[in-house]
Structure formats: C-alpha cells, structure tokens
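Numbering that gives the first Met the number 0 applies: residue 0 is where the sequence shown begins, and numbers increase by one.
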Amino acid sequence: MATTGKIGVTTENIFPVIKKFLYSDHEIFLRELVANAVDATQKMKALAASGEFNGELGDLAVRIELDEAAKTLKIIDNGIGMTEEEVDKYINQIAFSSAGEFLEKYKDQLSSIIGHFGLGFYSAFMVAEKVTIETLSWKEGAKAVKWSCDGSPEYDMEECDKADRGTVITLYIAEDEKEFAEKNRISGLLSKYCKFMPVPVIFGKEQEWKDGKYVGTDKDNVINKVEPLWTRKPADLKDEDYNEFYRALYPMAEEPLFHIHLNVDYPFNLTGILYFPKIKNNVEIQRNKIQLYCNQMFVTDSVENIVPEFLTLLHGVIDSPDIPLNVSRSYLQSDANVKKISTYITKKVADRLDEIFRNERQQLEEKWDNLKLFIEFGMLTDEKFCDRAMKFSLFKNTDGKYFSFEDYKKAIEGEQTDKDNKVVFLYATDVDSQYSFIEAAKAKGYDVLLMDCHLDSHFVQLLENKIENSRFARVDSDTVDNIIIKEDKSKPELSDEQREEISTLFKSALPTDAEFSIQPENLGEHAAPIIITQSEFMRRYREMSALGGGMNFYGEMPQMYNVVVNMENPLVTKIISDKEAQGSQDLLKQITDLALLANGMLKGKDLSDFIARSAKVVEDAYL
0 MATTGKIGVT
10 TENIFPVIKK
20 FLYSDHEIFL
30 RELVANAVDA
40 TQKMKALAAS
50 GEFNGELGDL
60 AVRIELDEAA
70 KTLKIIDNGI
80 GMTEEEVDKY
90 INQIAFSSAG
100 EFLEKYKDQL
110 SSIIGHFGLG
120 FYSAFMVAEK
130 VTIETLSWKE
140 GAKAVKWSCD
150 GSPEYDMEEC
160 DKADRGTVIT
170 LYIAEDEKEF
180 AEKNRISGLL
190 SKYCKFMPVP
200 VIFGKEQEWK
210 DGKYVGTDKD
220 NVINKVEPLW
230 TRKPADLKDE
240 DYNEFYRALY
250 PMAEEPLFHI
260 HLNVDYPFNL
270 TGILYFPKIK
280 NNVEIQRNKI
290 QLYCNQMFVT
300 DSVENIVPEF
310 LTLLHGVIDS
320 PDIPLNVSRS
330 YLQSDANVKK
340 ISTYITKKVA
350 DRLDEIFRNE
360 RQQLEEKWDN
370 LKLFIEFGML
380 TDEKFCDRAM
390 KFSLFKNTDG
400 KYFSFEDYKK
410 AIEGEQTDKD
420 NKVVFLYATD
430 VDSQYSFIEA
440 AKAKGYDVLL
450 MDCHLDSHFV
460 QLLENKIENS
470 RFARVDSDTV
480 DNIIIKEDKS
490 KPELSDEQRE
500 EISTLFKSAL
510 PTDAEFSIQP
520 ENLGEHAAPI
530 IITQSEFMRR
540 YREMSALGGG
550 MNFYGEMPQM
560 YNVVVNMENP
570 LVTKIISDKE
580 AQGSQDLLKQ
590 ITDLALLANG
600 MLKGKDLSDF
610 IARSAKVVED
620 AYL
C-alpha cells in the first residue's frame, strides 16, 4: 500500500540548508552515496561471517550506472537493504535544532560532515531534482520498498517488485547540475573518492584501443583496489611495492627518497604510508600532497590541522576512523585524538630518519640535499622534532663532506674557537660568488660549511641557541681575522681627523644607493687593498625579514656595508699620500670598483666604465 508523508525535520525545508551549506562541495554527493553502498555491503559480509545469514552472498560489488541521455545516475549494491520500517527510520527522520544554528556552528567544517550527521543520502539533492530508492532487506519475509522525493519535504513510499537483496538509488540530475550526468565527470569523481574503497566499485566496462579508437569490452571496469598497500603488512612488502604505489598516487612526481609505513591500533586507529619526496627549494608548492582517508574512503588532502605544519611537505596516505571530521577546524586543533595522532606521526618520522642515520648513513648523505629543506622546516616549526633532529641532522661543507652536528663541532673547535671561547661556524651560501672569502678562510686552516637553503638565515639563528658556546658567521661578513679574533689586534695609528679624511676619500668612489662604513685595518701588504663586507647581524636579519618572522624593521632599513681599507697595501698608501693627483683618483676608482665587482655590486654604467678603464690600463701597459 502506497503512503505519502513528510520528512521529519524541525527545519521548514532541509534541502535549501543542504545546498547552501555545501554549495562548493556538490561533488561529494557521490562519495557519500557510494560509501553508504559499501557500508551496506560490508554489513552483509559481517552477517554471513557471524552465521546470522546463511544464504548466497552473490555479487557484492557496488555498481554505478549512468544514462547520459536520460540524465540519471544509479548507485546499486547487494548489501543488507532496508525494510519499510528502516526506510522510515533512516531516511524519513532527520532532526535539527535550527538551520541557522547548524550552519553557524559548522561553517568551517570539512566536507565529510554530511555523513556524520546522517545526511549522506540527502547530499543527493545537491545535484538531483528527484531521487528514488528501491530496496529489499536481507531479512526473511521482507517486502521490497520504493521511496521517492522531488526535493520537497514530502515523499512517496510504496511496495515494488525488486527481486534482489540490496538497494538501488536513482538520481534524476537537475538541469543546473548537468555536469554530473557526464561520463568523464563521474569517472573522475569515482577515481578521486573511491579508488581504494574496500568493496569493488564498478563503472561500466573496460575499454581497449582497436582500429584507431576505444571500444567497449565485456570486462567490468573496476575503478578501485580493495586492498591498498597501507592495509597490508610491511613484512609482506618490498621497496618496489612502495615505489609502485607512489607512482600510482603521483604519476608525474620523481621517485621518493624514503618511506614510512604507519600502523597503530592503540590508543587510536591509524594506518598509512608517508613518503619523503625530492623537495625543491620552495616550501609552498609542495604542500597538500598527503591524502586523508577514513576506512579507505578519500576525505581530503588538506591535512594541516591533523599533522604538524612541516609534515604537510610529505606525500602519501593517512587512513584513520578516529579523526573527528564532523567538527570545526578550531575544534580539530584542540581535539585530544588529533593531538595524539600528530605526535605519533612526528615521532615515527623522527624514528625513521634516526634509523637511517644510524644504519644507512651513506644513503642519508646521498639524499641529504633533497631532505635538508624538510628537516630544517621541521626543526624551525616543531620543538619536539627539533630536539630529535639535532642528533641525526647533517652539515655539509664546501668540499662536499658531511658531518653530524656533534662531530663537526669537535672537528673545528681546535682551530675555530675565538678569544671569547666561542666556536665559530663559518658558512657560505654560494661557493662561486664567495670563492675568495672561502679560500681566505681555508688558508687559515678553517673549514667552511655550505648553507644554501633559503631557510638558513632562520636556521643558523636556531642553531646558535641549540649548540652551546657557538656562533655562526657567513664567510664574507668580514675579513677572516675579524670573524675569528684570536687575540687583540693592533689597529692603524690614526687620528680622528685622519680617519675622517680617509672615510671621505673612499666614500667618494663608492655608490650612493647604499650606506658604507669605512674601516681602516692592518691586513698585511699582500692582502687586498679594499674588502667590502656586510655584517652578519644586519644581513641575517634582513634575510629573516624577507622570509617572515616579525623582523620587518630590518627589511625596511637601507643596505649597509663595511669597507675594510687595508692600510698596509702599497696601492692604498699611494692613494692616501697623493690623493689630489689624477692618477691617484683613477687608482682609487679602480680598486673600489674591483671590490664592488667581487661582491656582485658593480652594474650598469659603472660596470661599463670599469671595463673601458681596465682596457685602457692594459693598453697603456702593453702597447
């Protein structure tokens, strides 16, 4: 007997609420409907396994059928089905306190909220103008039921002649949502949301290339793998299995560096596989590559509230039924389970890196250049990870050798400890442009690190706080003798008036778009006449300001350089003693331009003039 009724909701009309709430996420309707079909199928398996059901299970696949001409989409399962009473209970009764309150409370929530509020089925009305359910329960003596609704609170329910156990949901796609009646669109959504569901999901037939075109075959097109790699035991897997899975997830990506297999069942459930990708020197573009699943159903690739920020640089899969996806993001951040999961993942990543450091040191060194950005980002943003990483992180020097932090400090502290008992870590950011400074340091018996990651200005600041009695200085921040002062040095004996004259003289040959501080020094007659440096403090904080970090003040300051004038160099002596002569003026300009050129600071007309002047010097000398 047919019946007509109203869906039991306390809002005037549930459907505008659904459409408004998930306006930008209409596509997830298919995920929700397929998930319901998979759940019904899994329940059927469980009934058979427990002996409650003794009949034939038959084909337990979930089938998706699309009629593009009629604009209908069917989701078909052979699961437990529903009786008339169950349809009334699960479909016709929905309770809300108020639509306004609901929308406000969950406005920031992830798209999976629907299913968690019993709205999974009703997501169909985001894209359909009419929906029907034909269902037959597994229970003996049950009668088949057909339910239909056109998007209003009213529904019709009657007996039907469905002969097979299970449920068929038919969506009559609305005109303004006709994209969901296109084969390619549905295929893409199934691939996105359902490719790892635990029950076969079938969409049409496989196709093969024949006679210059694709033609259908008799073989079902199964779009998913029911046992993805993360559900299997690590002991049963080889490295190639993990690499093959990575290629399936990220077909355009380079081979990963390492992988971590996650598997925990207490105090929460979590499985997954995380990969260390080859990270380029750009943090932003690498994010949102971890896919979050709930019981093998894709949920999102925005996991920033579930894992620490630096772990969003990893690739891979996390699957957990214990992450509360039905709440706001602010709640997610404070949820105890989420915090435990985040801590666990961080620990597993640190454990894996430590294991490689201890057991596969050479492999770690070979891949360090690709790992370095990830490690530094993690140490800068996560205190617990930082403490662990201090043990397995590596330094690389300008000769290409690798050291642990502890070993490197021991190696240099004999030669590179200054008069204040600080171990000075010299570093370069560009071997070519800082070559002369590096060689000057090596000539003193010092070692120079290569720190060419764009996070290094922040990183060296961190290391100075973590490594006791240490100081980091870029090799071109001053003359090497001034960077590592072993003892008090003799200064040129100059009066204030003489210092002012020298300052005025040398500034006259320097550009006006930066500030230069003239520093007379005794460096020896064979050292360069002029050396231009930028203080470690000012340069580092300007770089940190450019990367962010609350130091905008330094970024707004003009460029400031130190100009070390070697008072023991014969050319400098000549310029000062006969400063009014034209030849001295030309010589002054030449040596200052050489110093600017060495720092990459000579450009445009000044560079052109320098080249012309140098050519004339050569001509006068040899012709």
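C-beta atoms are modelled at their ideal positions from N, C-alpha and C, and glycine is treated no differently.
| request: Tell whether a beta-carbon distance below 9 Å holds between residue 46 and residue 170. | output: For the purposes of this step, residue 46 is identified with residue 47 of the sequence shown, where counting begins at 1. For the purposes of this step, residue 170 is identified with residue 171 of the sequence shown, where counting begins at 1. No, Cβ-Cβ distance for residue 46 and residue 170 is not below 9 Å.
| message | Spatial neighbours of residue 270 within its chain, please: C-beta separation below 7 Å, excluding the five flanking residues on both sides. | response | Taking the sequence shown and counting its residues from 1, one reaches residue 270 at position 271. Counting only Cβ-Cβ distances below 7 Å, and skipping sequence neighbours, we find 229, 230, 261, 262 and 318.
| Count the other CB atoms within 10 Å of the CB of residue 315; is the residue buried (16 or more) or exposed (fewer)? | For this step, residue 315 is matched to residue 316 along the sequence shown. Residue environment for residue 315: buried (at least 16 other C-beta atoms within 10 angstroms of its C-beta).
| What beta strand (DSSP E) runs, 3 residues minimum, are completely inside the stretch 554-596? | As for any beta strand (DSSP E) of minimum length 3 sitting wholly inside the stretch 554-596, the runs are 559-565, ordered along the chain.
| Based on the DSSP output, what are the partners of residue 626 in its beta bridges? | For the chain, the structure presents residues 0 to 622; residue 626 sits outside this window and is missing.
| Where residue 610 falls, given that 16 or more other Cβ within 10 Å makes a residue buried | Locating residue 610 in the sequence shown gives position 611, counting from the first residue. Around the C-beta of residue 610, fewer than 16 other C-beta atoms lie within 10 Å, and the residue is accordingly described as exposed.
| query | Looking at C-alpha atoms only, which residue of 458, 447 and 587 is the closest neighbour of residue 571? | reply | For the purposes of this step, residue 571 is identified with residue 572 of the sequence shown, where counting begins at 1. The option with the nearest alpha carbon to residue 571 is 587.
| What's the call for residue 197, buried or exposed, on a 16-neighbour Cβ count within 10 Å? | As a working note, residue 197 is residue 198 in the sequence shown. Residue burial annotation: residue 197 is buried, with at least 16 other C-beta atoms found within 10 angstroms of its C-beta.
| task | Check whether the Cβ atoms of residue 411 and residue 368 lie closer than 9 Å to each other. | result | As a first step, residue 411 is located in the sequence shown; it is residue number 412 there, counting from the start. As a first step, residue 368 is located in the sequence shown; it is residue number 369 there, counting from the start. Contact flag unset, no.
| query | What residue does the alpha helix (DSSP H) around residue 619 start on, and which one ends it? | reply | Residue mapping note: residue 619 aligns to position 620 of the sequence shown, counting from 1. 603-621 is the span of the alpha helix (DSSP H), which, as asked, contains residue 619.
| request: Give the straight-line distance between the Cα atoms of residue 126 and residue 70, rounded to the nearest whole angstrom. | output: Stepping through the sequence shown from its first residue, residue 126 is reached at position 127. Stepping through the sequence shown from its first residue, residue 70 is reached at position 71. Roughly 11 Å separates the two Cα atoms.
| Contacting residues, own chain, Cβ-Cβ under 8 Å from residue 190 (five flanking each side not counted) | Residue numbering aside, residue 190 sits at position 191 when the sequence shown is read from its first letter. Correct list, in chain order: 222.
| message | On a Cα-Cα basis, can you pick out the residue from 92, 57, 471 and 534 that is closest to residue 77? | response | The sequence position of residue 77 within the sequence shown is 78, counting from 1. Of the candidates 92, 57, 471 and 534, the one whose C-alpha sits nearest the C-alpha of residue 77 is 57.
| query | What are the boundary residues of the beta strand (DSSP E) that residue 314 is part of? | reply | If you number the sequence shown from 1, residue 314 lands on position 315. For residue 314, the enclosing beta strand (DSSP E) starts and ends at 314-318.
| request: Could you tell me the distance, in whole angstroms, from the CA atom of residue 148 to the CA atom of residue 121? | output: One-based indexing of the sequence shown puts residue 148 at position 149. One-based indexing of the sequence shown puts residue 121 at position 122. Rounded to the nearest angstrom, the gap between the Cα atoms of residue 148 and residue 121 is 10 Å.
| the stretch 295-302 contacting the stretch 237-255, beta-carbon criterion three pairs below 8 Å | Contact between the stretch 295-302 and the stretch 237-255 is absent: fewer than three C-beta pairs spanning the two stretches fall below 8 Å.
| query | Three-state secondary structure (DSSP) at residue 52? | reply | Indexing the sequence shown from 1 puts residue 52 at position 53. Three-state DSSP puts residue 52 in coil, outside helix and strand.
| field | Terminal residues of the alpha helix (DSSP H) in which residue 389 lies | value | Numbered from its first residue, the sequence shown carries residue 389 at position 390. Secondary structure note for residue 389: its alpha helix (DSSP H) is the uninterrupted segment 382-391.
| message | Here's the rule: buried if 16 or more other CB atoms are within 10 angstroms of the residue's CB, otherwise exposed. What is residue 206? | response | For the purposes of this step, residue 206 is taken as residue 207 along the sequence shown, with counting starting at 1. Classification of residue 206: exposed, given that the 10 Å Cβ count is below 16.
| query | Among 145, 42 and 53, which has the Cα closest to the Cα of residue 59? | reply | What you label residue 59 is simply residue 60 of the sequence shown in a count that begins at 1. Selected option, being the one with the closest Cα: 42.
| said: Give me, in chain order, the residues of the same chain whose beta-carbon lies closer than 6 Å to that of residue 628; leave out the 5 immediate sequence neighbours on both sides. | reply: Nothing can be reported for residue 628, as the shown portion of the chain is limited to 0 through 622.
| field | Cβ-based neighbour list, residue 274, same chain, cut-off 6 Å, excluding 5 preceding and 5 following | value | Position 275 of the sequence shown holds residue 274. Cβ-Cβ distances below 6 Å link residue 274 to 245, 255, 258, 314 and 315 in the same chain, with the five nearest sequence neighbours on each side left out; the list follows chain order.
| request: Flag this pair as yes or no: are the beta carbons of residue 397 and residue 422 separated by less than 9 Å? | output: For the purposes of this step, residue 397 is identified with residue 398 of the sequence shown, where counting begins at 1. For the purposes of this step, residue 422 is identified with residue 423 of the sequence shown, where counting begins at 1. Result no, Cβ atoms of residue 397 and residue 422 do not sit closer than 9 Å.
| query | Which first and last residues belong to the beta strand (DSSP E) in which residue 179 is found? | reply | Residue 179 sits at position 180 when you count from the first residue of the sequence shown. No beta strand (DSSP E) holds residue 179; DSSP gives it neither H nor E.
| said: On the criterion of 16 or more Cβ atoms from any shown chain inside 10 Å, does residue 569 qualify as buried, or is it exposed? | reply: As a working note, residue 569 is residue 570 in the sequence shown. The residue is exposed, with fewer than 16 neighbouring Cβ atoms inside 10 Å.
| said: Can you tell me whether residue 302 is helix, strand or coil according to DSSP? | reply: Here residue 302 is taken as the residue at index 303 of the sequence shown, counted from 1. In this structure, DSSP gives residue 302 a state outside helix and strand, which the three-state scheme calls coil.
| query | So residue 424 is in the beta strand (DSSP E); what residue range does that whole segment cover? | reply | Against the sequence shown, residue 424 aligns to sequence position 425. Its beta strand (DSSP E) spans residues 422-427.
| request: Look at the alpha carbon of residue 276 and the alpha carbon of residue 38, and state the distance between them as a whole number of angstroms. | output: As a working mapping, residue 276 is identified with position 277 in the sequence shown. As a working mapping, residue 38 is identified with position 39 in the sequence shown. Annotation: residue 276 to residue 38 spans about 34 Å, alpha carbon to alpha carbon.
| Between residue 253 and residue 453, what straight-line distance do the alpha-carbon atoms span, to the nearest angstrom? | Here the question's residue 253 lines up with position 254 in the sequence shown. Here the question's residue 453 lines up with position 454 in the sequence shown. So the two alpha carbons sit approximately 22 Å from each other.
| field | Per-residue DSSP class, three states only, for residue 109 | value | Taking the sequence shown and counting its residues from 1, one reaches residue 109 at position 110. Summary for residue 109: the model assigns pLDDT 34, below 50, so the residue's position carries little reliability; its value from the coordinates is reported in the next sentence. Residue state, collapsed to three classes: coil.
| said: Could you check whether residue 449 and residue 427 sit closer than 9 Å to each other, using their CB atoms as the reference points? | reply: Here the question's residue 427 lines up with position 428 in the sequence shown. Here the question's residue 449 lines up with position 450 in the sequence shown. Taking 9 Å as the Cβ cut-off, residue 427 and residue 449 qualify as a contacting pair.
| Best match in 517, 415 and 145 for proximity to residue 132 [C-alpha to C-alpha] | Taking the first residue of the sequence shown as position 1, residue 132 is located at position 133. Selection 517, 415 and 145 evaluated against residue 132 yields 145 as nearest (Cα-Cα).
| Going by DSSP, which residues form a beta bridge with residue 148? | Position 149 of the sequence shown, counted from the first residue, corresponds to residue 148. As computed with DSSP, residue 148 is found in a beta bridge with 130 and 154.
| message | For a minimum of 3 consecutive residues, which ranges assigned as the beta strand (DSSP E) are wholly contained in the stretch 431-467? | response | Segments of the beta strand (DSSP E) lying fully in the stretch 431-467: 447-449.
| message | For residue 134, count the other beta carbons within 10 Å of its own beta carbon; 16 or more makes it buried, fewer makes it exposed. Which is it? | response | On the sequence shown, position 135 is the one that residue 134 refers to. It counts as buried.
| request: Starting from residue 62, follow the beta strand (DSSP E) in both directions and report where the run begins and ends. | output: Translated into positions along the sequence shown, residue 62 becomes position 63. Its beta strand (DSSP E) spans residues 61-66.
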